[in-house]
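Those sequence lines, one after another, are chains A and B. So the first sequence is numbered by numbering that gives the first Met the number 0: it starts at 0 and just counts up by one. So the second sequence is numbered by numbering that gives the first Met the number 0: it starts at 0 and just counts up by one. All residues carry an ideal CB built from backbone N, CA and C; glycine is no exception.
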Amino acid sequence: MVEAITAILLVAGGIFAFIASVGMLRLPDTIIRMHAATKAGALGSGLIFLALACYYLELSITLRALATVFFLLLTAPVAAHLIGRAAYCSRVNLWHKTWIDEFANICDWCETSAEEEGASGCELEEKGTQ
Amino acid sequence: MMGMEGILLKGATEAVLILLTLAILFAFIRLVIGPDPADRIVALDLISVLIVAYLGAFSIYTGEKAFLDVAIAYALIAFLGTVALARFRERLAKKSRNGKIDGEG
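Here is the structure:
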């Protein structure tokens, strides 16, 4: 019974990880690809570690496997946020069907968070374009 | 000892290992062809998550519990690497926008 549950969780995790990778290869732009990579990838490896927790059924191993799942779920959004921010700040090309880009007309929100610059973002942007 | 379910589990583990190998291969293709450096960072992040999953599946395949510790340590280091690469890319973009070069790094 335990082995059947382990097999089901394992196969589900493997399929989700594979879907994440196919999405990584086929989706049209960086930010859409990031969607596939971070969500489906974290789900896939989380399911595989749940299978590991079911398979051994010892306290120390199961706790460590659950801690790994927790850690993956904690770090995947942080990494995704940082990569997405870096991609958007570096003006990566968006997909041609993207019809909403809320920061496109705001004068450069990336610059306003720069630490050393005393000036506001708008002035920096005007300086930068000339 | 090896019952019906044991054979099922062994087959499932082998299938999952093959799937994960293919997945790492696809992510590696994106790592090579990715047009922007941000694409490559995303691909590296996915590859590290997939390697963590692979270590978990391999621990079931071999019955070796020590791979779990390897997976935990690898997940920690991979997260730090992804954060460092993303911060680097963002700072590079800001610098190239404030400075003279407007081209992509």
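Out of curiosity, what's the CA-to-CA distance linking residue i and residue j?
i: residue 90(B); j: residue 88(A); result: 9 Å
i: residue 18(B); j: residue 14(A); result: 7 Å
i: residue 88(B); j: residue 43(A); result: 27 Å
i: residue 4(A); j: residue 21(B); result: 24 Å
i: residue 104(B); j: residue 96(B); result: Low per-residue confidence applies at residue 104(B): pLDDT is 45, beneath 50, and the placement is therefore not dependable enough to give any value.
i: residue 96(A); j: residue 84(B); result: 28 Å
i: residue 125(A); j: residue 19(A); result: Here residue 125(A) scores only 45 on pLDDT, less than 50, and its place in the model should not be relied on; the value that follows carries that caveat. Residue 125(A) and residue 19(A): Cα-Cα distance of roughly 40 Å.
i: residue 59(B); j: residue 86(B); result: 36 Å
i: residue 6(A); j: residue 48(A); result: 12 Å
i: residue 72(B); j: residue 66(B); result: 10 Å
i: residue 40(B); j: residue 91(A); result: 13 Å
i: residue 69(B); j: residue 36(A); result: 22 Å
i: residue 26(B); j: residue 50(A); result: 23 Å
i: residue 81(A); j: residue 11(B); result: 35 Å
i: residue 55(B); j: residue 63(A); result: 12 Å
i: residue 40(A); j: residue 49(B); result: 7 Å
i: residue 4(B); j: residue 71(A); result: 29 Å
i: residue 9(A); j: residue 47(B); result: 18 Å
i: residue 57(A); j: residue 80(B); result: 31 Å
i: residue 82(B); j: residue 38(A); result: 17 Å
Classify residue i as buried or exposed, calling it buried when 16 or more other Cβ atoms lie within 10 Å of its own Cβ.
i: residue 31(B); result: exposed
i: residue 36(B); result: buried
i: residue 94(B); result: exposed
i: residue 61(B); result: exposed
i: residue 12(A); result: buried
i: residue 0(A); result: exposed
i: residue 29(B); result: buried
i: residue 33(A); result: buried
i: residue 30(A); result: buried
i: residue 103(A); result: exposed
i: residue 45(A); result: buried
i: residue 17(A); result: buried
i: residue 38(B); result: buried
i: residue 145(A); result: Past the edges of chain A, shown from 0 to 129, lies residue 145(A), and the structure says nothing about it.
i: residue 69(A); result: exposed
i: residue 25(A); result: exposed
Starting from residue i, find everything on chain E with Cβ-Cβ shorter than 8 Å and list it in chain order.
i: residue 63(B); result: Of the protein chains in the structure, A and B, none is chain E.
(request) Could you please tell me which residues of the segment 38 to 51 of chain B, in chain order, have their CB closer than 8 Å to any CB of chain A? (result) Among the residues of the segment 38 to 51 of chain B, those with a Cβ less than 8 Å away from any Cβ of chain A are 38, 40, 41, 42, 44, 45, 48, 49 and 51, in the order of the chain.
(request) Could you name each continuous alpha helix (DSSP H) segment of 4 residues or more that falls completely within the segment 14 to 74 of chain A, going from the start of the chain to the end? (result) Fully enclosed alpha helix (DSSP H) runs of 4 or longer: 29 to 34 and 40 to 55.
(message) Which residues of the segment 31 to 51 of chain A have a Cβ closer than 8 Å to any Cβ of chain B? Give them in chain order.
(response) Under the 8 Å Cβ criterion, the segment 31 to 51 of chain A contributes 32, 33, 36, 37, 40, 41, 43, 44, 47, 48, 50 and 51.
(request) Below 7 Å between beta carbons is the criterion; list the residues of the segment 76 to 99 of chain A that meet it against any residue of chain B, in chain order. (result) Result list: 78, 81, 82, 84, 85, 86, 88, 89 and 91.
(message) Tell me which residues of the segment 49 to 75 of chain A have at least one Cβ-Cβ distance to chain B shorter than 8 Å, keeping chain order.
(response) Against chain B - using a Cβ distance shorter than 8 Å - the residues of the segment 49 to 75 of chain A are 50, 51, 54, 55, 60, 63, 64, 66, 67, 70, 71, 74 and 75.
(request) Taking only beta carbons into account, state which residues of the segment 11 to 28 of chain B come closer than 9 Å to chain A, listed in chain order. (result) Within the segment 11 to 28 of chain B, the qualifying residues are 11, 12, 14, 15, 16, 17, 18, 19, 21, 22, 23, 24, 25, 26 and 28.
(request) Any chance you could list the beta strand (DSSP E) runs of at least 3 consecutive residues sitting entirely within the segment 55 to 100 of chain B, in chain order? (result) Within the segment 55 to 100 of chain B, no complete beta strand (DSSP E) run reaches 3 residues.
(request) Please name the residues in the segment 15 to 29 of chain A whose beta-carbon is closer than 7 Å to at least one beta-carbon of chain B, in chain order. (result) Only those residues of the segment 15 to 29 of chain A whose C-beta falls short of 7 Å from the nearest C-beta of chain B are listed: 16, 17, 19, 20, 21, 23, 24 and 29.
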